[in-house]
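Each residue of the sequence shown is one higher than the one before, counting from 4 in the working numbering.
Working notes for the structure below.
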Amino acid sequence: MNRYERQIAVTEFGIDGQCQLREAHVLVVGAGGLAAPVLQYLGGAGLGRLQIADPDEIQLSNLHRQTLFDIGDIGQKKAIQASLFVTKRNPDVRVEAITSAITPHNVQNIVKDVDLVIDCADAFAVSYFLSDICLQKSIPLISASVVGTQGYVGCFCGSAPSLRAVFPQVPPQLTTCAESGVLGPVVGVLGSLQAQLALQILSALSPSPMGTLIRYDGLKQHFATFAFHDAPEPEDIWPFIAQEDFTAQDIIVDLREPEEGPLVHKQALRLNLDQLKNHVAEADSSSRIVLCCRSGLRAWQAGLQIEPLFKGHLCLHATG
Numbered sequence: 004m005n006r007y008e009r010q011i012a013v014t015e016f017g018i019d020g021q022c023q024l025r026e027a028h029v030l031v032v033g034a035g036g037l038a039a040p041v042l043q044y045l046g047g048a049g050l051g052r053l054q055i056a057d058p059d060e061i062q063l064s065n066l067h068r069q070t071l072f073d074i075g076d077i078g079q080k081k082a083i084q085a086s087l088f089v090t091k092r093n094p095d096v097r098v099e100a101i102t103s104a105i106t107p108h109n110v111q112n113i114v115k116d117v118d119l120v121i122d123c124a125d126a127f128a129v130s131y132f133l134s135d136i137c138l139q140k141s142i143p144l145i146s147a148s149v150v151g152t153q154g155y156v157g158c159f160c161g162s163a164p165s166l167r168a169v170f171p172q173v174p175p176q177l178t179t180c181a182e183s184g185v186l187g188p189v190v191g192v193l194g195s196l197q198a199q200l201a202l203q204i205l206s207a208l209s210p211s212p213m214g215t216l217i218r219y220d221g222l223k224q225h226f227a228t229f230a231f232h233d234a235p236e237p238e239d240i241w242p243f244i245a246q247e248d249f250t251a252q253d254i255i256v257d258l259r260e261p262e263e264g265p266l267v268h269k270q271a272l273r274l275n276l277d278q279l280k281n282h283v284a285e286a287d288s289s290s291r292i293v294l295c296c297r298s299g300l301r302a303w304q305a306g307l308q309i310e311p312l313f314k315g316h317l318c319l320h321a322t323g
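Printed below as a string of structure tokens:
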């Protein structure tokens, strides 16, 4: 029996869709809860080449939603165990595990031959710099985020506006799964939607989901979909940069508290918001200020505070 005969039998997909899928190269960033259905369904469907990027190790608290792993995998690298899972399930797929962190510095090389990027990292800074590179390279990006019982998935870049066009400003507060918790089935729903959207894009099914965002409320069992084809790209952005891209001329400001870790860089200044405002007032407008924090959120919010005071270039850095 042909492994793929049930999906080939779908009129809209057919043998043409299967052939396109076999030639496709996908990068999945993050190998946790969102990635679990993505990797199972894309691997099972006969994707040609798959890269799985995640620097983290499996923890006990992951297992309620990260269904690729079991208790014997604790302490192992997520990317490696996920790649083994896909290969065991479908040896036709060429799978590569990337166990180093994807950063704004190395992402250029990693995406150079990619047909689609799927953002399963659910990390604020990662989503934005993936959107930036995908917009630059005209690569479709499927990005999802989920906290508690709600989340969204959207199809950005490529032939559609970027994530920044839809979310030009971050909300005053962002919470994470570690802070606010998350229900496993909600993660599974959003990850399954990512997999379905990926199959539609890779096999050129009509209508295209590009430029569409889907919100899901797991408590109310409510889906809401809207199109953002005409969303304008922001004229000015504050890019996320990696430590490798710091220069000797940069004013590097570490906004974290001392207990959060050592200074991000030897020339960094540890300043609170009031100190930062005073420092910026004296800064040369030809210089570049790099604002640093753990997730990138405090850096973004600090940028909003100092933007009226500083006419130079602002960049953000998330220490992770």
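Even glycine gets a Cβ: it sits at the ideal position worked out from N, Cα and C.
Buried or exposed (CB count within 10 angstroms, at least 16 for buried), residue i
i    : result
R68  : buried
D287 : exposed
K81  : buried
N281 : exposed
C318 : buried
M4   : Low local confidence applies: a pLDDT of 46 at M4 is under 50, so the model's placement there is unreliable, and no value is given.
I18  : exposed
F313 : buried
G20  : buried
A12  : exposed
Distance, residue j Cα to residue i Cα
i    : j    : result
D277 : V283 : 10 Å
Y44  : A163 : 24 Å
L202 : S146 : 14 Å
P107 : D248 : 9 Å
T322 : A245 : 9 Å
L361 : D76  : Because the chain in this structure spans residues 4 to 323, residue 361 falls outside the shown range and cannot be described.
D59  : Q84  : 11 Å
I121 : N275 : 35 Å
Q10  : G154 : 28 Å
K140 : Q79  : 33 Å
G46  : T14  : 21 Å
Q62  : G35  : 11 Å
G51  : G214 : 25 Å
Q252 : H316 : 12 Å
L216 : L119 : 17 Å
S130 : A305 : 19 Å
Q206 : N109 : First, the amino acid is wrong: residue 206 is Ser here, not Gln. Those two C-alpha atoms are separated by around 28 Å.
Beta bridge counterpart(s) of residue i as assigned by DSSP
i    : result
H268 : According to DSSP, H268 bridges with nothing at all.
F226 : Y219
D257 : R273, C295
I204 : DSSP lists no partner for I204.
V189 : DSSP, once it has assigned bridges, lists no residue as partnering V189.
Y7   : According to DSSP, which records beta bridges pairwise, Y7 is partnered with nothing at all.
Expected contact under 8 Å - CB spacing of residue i and residue j to nearest Å
i    : j    : result
P188 : G221 : 7 Å
V89  : L53  : 6 Å
A168 : F231 : 7 Å
F72  : L208 : Wrong, their Cβ atoms sit about 31 Å apart, outside the cutoff.
P143 : C158 : 7 Å
A271 : I292 : 11 Å between Cβ atoms; not a contact.
- Contained alpha helix (DSSP H) runs [length at least 4] in the region 55-130, N- to C-terminal order: 81-92, 110-113
- What alpha helix (DSSP H) runs, 4 residues minimum, are completely inside the region 11-58? 17-25, 38-48
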